[in-house]
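Novice: Going by our numbering, the sequence shown opens with residue 737, and the numbers climb by one from there.
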Amino acid sequence: MTIKSDQWIRRMAIEHSMIEPFADTQIRHNETGPMISYGTSSYGYDVRCSNEFKIFTNINSAIVDPKAFDPNSFVDVTADVCIIPPNSFALARTVEYFRIPRNILTICVGKSTYARCGIIVNVTPLEPEWEGHVTLEFSNTTPLPAKIYAHEGVAQMIFFESDEVCHTSYRDRNGKYQGQQGVTLPKT
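(1) Among the candidates P837, C785, N794, E865, whose CA atom is the shortest distance from the CA of G918?
(2) Which one of T776, T871, F810, V800 has the shortest CA to CA distance from F792?
(3) My output table needs one value for H887: the three-state DSSP class, helix, strand or coil.
(4) Starting from Y850, trace the alpha helix (DSSP H) in both directions and tell me its first and last residue.
(5) Pick helix, strand or coil for I856, following the three-state DSSP scheme.
(6) Would you decide whether A815 is buried or exposed? Buried here means 16 or more other CB atoms lie within 10 Å of its CB.
(7) Counting C-beta neighbours from all protein chains within 10 Å, is the total for N794 16 or more, i.e. buried, or is it exposed?
(8) Going by alpha carbons, who is nearest to G846 out of T904, G889, R907, E788?
(9) Are the CB atoms of R909 and T871 nearer to each other than 8 Å?
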């Protein structure tokens, strides 16, 4: 396996619509001033968070069960800033829509700006031939409320190319999260 460079990412985004919308460079400012960067980096792509959030709540005393998930465990929020309660988490989605090639595995890691504030970003690998908006989980590990900024960078995608094409891709298996739009809750 090899890690793919910024040139490969640009080519795949432009020629194969791997990332839409696509920022060809690191964007660090907008009309209101400095922001947490997003776009193409040396060996990855920094994704943005949309303004759609599902904030975990225990007001309904639901049990968190991945086999029978109760959507009442979340409060839906559409805003430019999401406040995550202490020791809690929220779900969001990327602004970007991904189409992963058959010989690529994509791993997501959090950005240091959030990690240094005790905010952890968790995403499972994007498998070969998976496509959709990526559902992001933000865990606030601190005893204080934490802010997540919509339309700014939150995590970095790193692309690994295999020496061989996989026998069975996510699309071949009819994966349950294929083509997901919006913030997607657990499915069985």
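Cβ coordinates follow ideal geometry from the N, Cα and C atoms, glycine included.
Please read these numbers as outputs of a predicted model, since none were measured by experiment.
Specialist: On the basis of the data shown:
(1) For the purposes of this step, residue 918 is identified with residue 182 of the sequence shown, where counting begins at 1. Checking every option, the nearest Cα to that of G918 belongs to C785.
(2) The residue labelled residue 792 in the question sits at position 56 within the sequence shown. F792 has its Cα closest to that of F810, out of T776, T871, F810, V800.
(3) For the purposes of this step, residue 887 is identified with residue 151 of the sequence shown, where counting begins at 1. Three-state result, H887: coil.
(4) Position 114 of the sequence shown, counted from the start, is the residue given in the question as residue 850. Y850 -> alpha helix (DSSP H) spans 848 to 851.
(5) In the sequence shown, the residue the question calls residue 856 occupies position 120. Three-state DSSP puts I856 in a strand.
(6) Numbered from its first residue, the sequence shown carries residue 815 at position 79. Under this definition A815 is an exposed residue.
(7) Here residue 794 refers to the residue found at position 58 when the sequence shown is read from its first residue. With fewer than 16 Cβ atoms within 10 Å of its Cβ, N794 is classed as exposed.
(8) Indexing the sequence shown from 1 puts residue 846 at position 110. Taking only the C-alpha atoms, the option nearest G846 is G889.
(9) Residue 909 sits at position 173 when you count from the first residue of the sequence shown. Residue 871 sits at position 135 when you count from the first residue of the sequence shown. No, these two residues do not count as a Cβ contact at 8 Å.
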